[in-house]
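Next comes the structure, spelled out in structure tokens:
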């Protein structure tokens, strides 16, 4: 039996080109999310500490009690 000969010809595709999206690795996503969470946590804590210090300087007891109650979420040792 005679073998068939296959010949392939390549033609340039004239349609719209597709660009594949590159998947970001899970470890990179997780570490970047953790860094952002830590930055937000520290910024919020510093803002709250500044507000507490301001209320102490103004001798505003009600504001100090309210802010110190919110501050308890930041210190859970």
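In UniProt numbering, the protein residues as written are 1 to 77. Glycine included, each C-beta is placed from N, C-alpha and C at the ideal position.
Burial check for residue 65: the Cβ neighbour count within 10 Å stays below 16, so the residue is exposed.
Around the beta carbon of residue 67, 16 or more other beta carbons lie within 10 angstroms, which makes this residue buried. Secondary structure at residue 19: coil, using DSSP grouped into helix, strand and coil. When secondary structure is reduced to three states using DSSP, residue 69 falls in the helix class. Between the alpha carbons of residue 57 and residue 27 lies a gap of roughly 45 Å.
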